[in-house]
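Novice:
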Amino acid sequence: MSYSDTLLCIFGLFVVSYIPRILPFALLGNRELPRGFRLWLQYVPTAVFGALIFTSIFGTGVDGFRFSWENKELLASIIVLPVAAATRSLPYSIISGLLAYGAAQYMLG
Amino acid sequence: MLKGYFELKVFKAAWPIIFGYIPLGMACGILAQKVGFDWFQMLMMAVFLFAGSGQFIALAMIGSGSTIMPVVLTVCIVNLRHLLYALILNQYLSKESRLYKAFFAQEIVDESFAVNQNQFALDAEWNGKNALGVNIIGHSSWILANLAGLYLGNSIYIDTALVSYALIAMFIGLWSFHFLNARLVLTGILGGFLALLLSYWLTNMLNVVVATVIAAALAAFYEMRMGR
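For the protein sequence lines, the chains are H and V, in the order given. Positions 1 to 109 (the working numbering) are the ones given, in order, by the first sequence. Positions 110 to 337 (the working numbering) are the ones given, in order, by the second sequence.
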C-alpha cells in the first residue's frame, strides 16, 4: 500500500467504525424505548463482558481453543474472578491479575 | 469551561484505562513502526480509527500486503460491537446536544464503554461531562502511547501478554459489578459459552456480537415470561 493509499484506508476505517458508534444516537435519540428492548439492553453489558472475557481466555474455535492448565490467562482468571466478586474493586482485580499472570509466566516459563 | 470534564472523580474512574493503554498503545505503535508508518499516519489512525483490536488487525493486514478493501471490511466487522455500547450509553445521554453526541460517539471503545456504563449505573451524580472526560482521557492516552511506541520502537521491551492480561483483569472486575443476581451472572456465562461456540463459524469478534445479542435476548425473554 502506498503512502496515500494508507491515508485513504484510514479514512475508510474511520467511516466504517464511526457508523456503528453514531447510529444508535442518530436513530434513537431521546425516544422512549419499548419495554422488551429496555429489558434486553439491561442484559447486554453482562453478556458482552462474558463473551469478551471467555474469548480472551480460551481463544477461538478457528484458531484452536486453549483448553489446558498451561493457559496462563485461565490460571490468572481463576484467581481474579473470586477477588473481583469479593471486593468489587477494579484496582484489586487488576493488581491480583498482574500478580497471578506474572506468577504463571514465572512458573510455566 | 473544563469543569466537570476533568474532575478528580473522572480521573479516579479513568485510571485503569490509562494504566492499560500506555503499554498496549505503545505495543501498537511498535507494530506501526514495523509496518513503516510515520507520525502522521499513526496520528490519523489513533485519532480517527481509535480502536485497540481494530488497529492491531489493520496494521497486521497492511503489513502483510493487503489492499484497502479487505482491511476496511474486516475492521468494520471487528468494530460492530461498538453499536451495542452506543445503544446503552445513549440512554444516559438524552439531555446532551447533537454536537456532544457526535463527539462522544467517536470515543466509544470497550474500555470507555465499560467504565462509563458502570459509573452511570452506580453513581447517580455521574453526568455527560464526566463521561466525555473519561473518553477524552482514554483517547489522549491512546494517541500519546501510539506515538511513543512509534518513536521508541524496539528500543523498549513491553511484555504485551502481561499488559493484555491487565485489560482482561479489568474486564473481569467490571463484569463483577454486574453480579447482582443469578440471572445477570448466568447471562454473562451464557454469553461467554455462546461466544466460544460461535467462534467456530464467526470470526473477527462477530462471535462476541452475536453471542451478546442472543444471551441478552434469552434473559430478557425469560424475564418477560416470568414477569420478573
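All C-beta atoms in this analysis are idealised placements derived from N, C-alpha and C, irrespective of residue type, glycine included. These numbers come from a predicted model, not from an experiment.
Measuring alpha carbon to alpha carbon, tell me which of V/S249, V/A230 and V/M279 ends up nearest V/F115.
Specialist: Position 6 of the second sequence, counted from the first residue, corresponds to residue 115 of chain V. Looking at the Cα atoms, V/S249 is the closest of the given residues.
Novice: Below 8 Å CB to CB, which residues in the same chain sit around V/I171 once its five sequence neighbours on both sides are set aside?
Specialist: In the second sequence, residue 171 of chain V corresponds to position 62, counting from 1. Around V/I171: V144 and V180.
Novice: 7 Å is my cut-off, CB to CB: does V/C137 come that close to chain H?
Specialist: By one-based count along the second sequence, residue 137 of chain V stands at place 28. By this cut-off, V/C137 is not an interface position.
Novice: How long is the line joining the alpha carbons of H/F25 and V/A214, rounded to whole angstroms?
Specialist: As a first step, residue 25 of chain H is located in the first sequence; it is residue number 25 there, counting from the start. As a first step, residue 214 of chain V is located in the second sequence; it is residue number 105 there, counting from the start. Taking the straight line from one Cα to the other gives about 8 Å.
Novice: Closer than 9 Å between beta carbons: that is the criterion. Which residues of the stretch 220-250 of chain V meet it against chain H?
Specialist: F222, A223, V224, Q226, N227 and A230
Novice: Is any beta-carbon of chain H found at less than 7 Å from that of V/P125?
Specialist: The count along the second sequence starts at 1 and reaches residue 125 of chain V at position 16. At least one chain H Cβ lies under 7 Å of V/P125.
Novice: Can you find a C-beta in chain H that's less than 7 Å from the C-beta of V/E332?
Specialist: Within the second sequence, numbered from 1, the residue matching residue 332 of chain V stands at position 223. Under the 7 Å criterion on CB atoms, V/E332 is classed as interfacial with respect to chain H.
Novice: Would a check of beta-carbon distances place V/V119 closer than 7 Å to chain H?
Specialist: Translated into positions along the second sequence, residue 119 of chain V becomes position 10. Contact of V/V119 with chain H is not assigned, every C-beta pair being separated by 7 Å or more.
Novice: Given that a residue counts as buried once 16 or more other Cβ atoms are within 10 Å of its Cβ, and exposed if not, what is V/Y309?
Specialist: Within the second sequence, the letter at position 200 stands for residue 309 of chain V. Under this definition V/Y309 is an exposed residue.
Novice: Going by DSSP, what residue range makes up the alpha helix (DSSP H) through V/K204?
Specialist: Taking the second sequence and counting its residues from 1, the one referred to as residue 204 of chain V is at position 95. Per DSSP, V/K204 belongs to no alpha helix (DSSP H) and is neither H nor E.
Novice: What's the gap between the Cα of V/S175 and the Cα of H/M1?
Specialist: Here residue 175 of chain V refers to the residue found at position 66 of the second sequence. Here residue 1 of chain H refers to the residue found at position 1 of the first sequence. One C-alpha to the other measures close to 7 Å.
Novice: The alpha helix (DSSP H) with V/A329 in it runs from where to where?
Specialist: As a position in the second sequence, residue 329 of chain V is number 220, starting the count at 1. L315 to M335 is the span of the alpha helix (DSSP H), which, as asked, contains V/A329.
Novice: Using 8 Å as the Cβ pair cut-off and three pairs as the minimum, do the stretch 245-260 of chain V and the stretch 226-233 of chain V touch?
Specialist: Under the 8 Å Cβ criterion, the stretch 245-260 of chain V does not count as touching the stretch 226-233 of chain V, having fewer than three qualifying pairs.
Novice: Classify H/P34 as helix, strand or coil using the three-state DSSP reduction.
Specialist: Residue mapping note: residue 34 of chain H aligns to position 34 of the first sequence, counting from 1. H/P34 falls in the coil class under three-state DSSP.
Novice: Could you say which of V/V243, V/K204 and V/E220 lies nearest to V/R190 if we only look at CA atoms?
Specialist: In the second sequence, counting from the first residue as 1, residue 190 of chain V sits at position 81. Closest option to V/R190, Cα to Cα, is V/E220.
Novice: Have a look at H/L90 and H/S4 and give me their C-alpha separation to the nearest angstrom.
Specialist: What you label residue 90 of chain H is simply residue 90 of the first sequence in a count that begins at 1. What you label residue 4 of chain H is simply residue 4 of the first sequence in a count that begins at 1. The straight-line gap from Cα to Cα measures roughly 42 Å.
Novice: Would DSSP call V/D268 helix, strand or coil?
Specialist: In the second sequence, counting from the first residue as 1, residue 268 of chain V sits at position 159. In the three-state reduction of the DSSP assignment, V/D268 falls in the coil class.
Novice: Given V/I246, which residues of its chain have a CB within under 6 Å of its CB, disregarding the five upstream and five downstream residues?
Specialist: Locating residue 246 of chain V in the second sequence gives position 137, counting from the first residue. A123.
Novice: Just tell me which of V/V184, V/L152, V/P125 and V/A169 has its CA closest to the CA of H/V16.
Specialist: The sequence position of residue 16 of chain H within the first sequence is 16, counting from 1. Closest by alpha carbon: V/V184.
Novice: With 16 as the cutoff for other CB atoms within 10 Å, does V/M279 come out buried or exposed?
Specialist: Along the second sequence, read from residue 1 onward, the residue named residue 279 of chain V stands at position 170. Buried: at least 16 other Cβ atoms inside 10 Å.
Novice: Rounding to the nearest angstrom, what Cα-Cα distance links V/M335 and H/L75 in this structure?
Specialist: Start at 1 with the first residue of the second sequence, and residue 335 of chain V comes out as number 226. Start at 1 with the first residue of the first sequence, and residue 75 of chain H comes out as number 75. Taking the Cα positions, V/M335 is about 37 Å away from H/L75.
Novice: Who are the neighbours of H/W40 on chain V, taking C-beta pairs under 9 Å?
Specialist: The count along the first sequence starts at 1 and reaches residue 40 of chain H at position 40. Ordered by position in chain V, the residues that pass the 9 Å Cβ test against H/W40 are V322, A325, A326, A328, A329 and F330.
Novice: So, does the stretch 232-244 of chain V touch the stretch 47-56 of chain H, judging by three or more C-beta pairs under 8 Å?
Specialist: no
Novice: Rounded to whole angstroms, what's the CA-CA distance from V/L152 to V/A136? Just pull it up for me.
Specialist: To locate residue 152 of chain V, count along the second sequence from 1; it is residue 43. To locate residue 136 of chain V, count along the second sequence from 1; it is residue 27. C-alpha of V/L152 to C-alpha of V/A136: approximately 15 Å in a straight line.
Novice: Going by beta-carbon coordinates alone, are V/L192 and H/P20 separated by less than 7 Å?
Specialist: For this step, residue 192 of chain V is matched to residue 83 along the second sequence. For this step, residue 20 of chain H is matched to residue 20 along the first sequence. A contact, by the Cβ cut-off of 7 Å.
Novice: Just to confirm the assignment: which complete alpha helix (DSSP H) runs, minimum length 4, are found wholly within the stretch 253-297 of chain V?
Specialist: 269-285
Novice: Leaving out the 5 sequence neighbours to the left and right, which residues in its chain are closer than 7 Å to V/F224 when beta-carbon positions are compared?
Specialist: Start at 1 with the first residue of the second sequence, and residue 224 of chain V comes out as number 115. Inspection of the sequence shows that residue 224 of chain V is occupied by Val rather than by Phe. Excluding residues up to 5 positions away in sequence, A122, A123, I126 and V243 lie with their Cβ nearer than 7 Å to the Cβ of V/V224 in the same chain.
Novice: Distance check for V/R292 and V/A325, CA to CA, integer angstroms please.
Specialist: Residue numbering aside, residue 325 of chain V sits at position 216 when the second sequence is read from its first letter. Residue numbering aside, residue 292 of chain V sits at position 183 when the second sequence is read from its first letter. Note on geometry: alpha-carbon atoms of V/A325 and V/R292 lie some 10 Å from one another.
Novice: Which bits of chain V does H/P34 rub up against, with CB to CB less than 9 Å?
Specialist: Within the first sequence, numbered from 1, the residue matching residue 34 of chain H stands at position 34. By Cβ distance, chain V contributes nothing, its closest Cβ being about 11 Å from H/P34, past 9 Å.
Novice: Is there a C-beta anywhere in chain H that falls below 7 Å from the one on V/W284?
Specialist: On the second sequence, position 175 is the one that residue 284 of chain V refers to. Yes, contact with chain H.
Novice: Are the beta-carbon atoms belonging to V/N199 and H/L28 less than 7 Å from one another?
Specialist: For the purposes of this step, residue 199 of chain V is identified with residue 90 of the second sequence, where counting begins at 1. For the purposes of this step, residue 28 of chain H is identified with residue 28 of the first sequence, where counting begins at 1. The answer is yes: Cβ separation under 7 Å.
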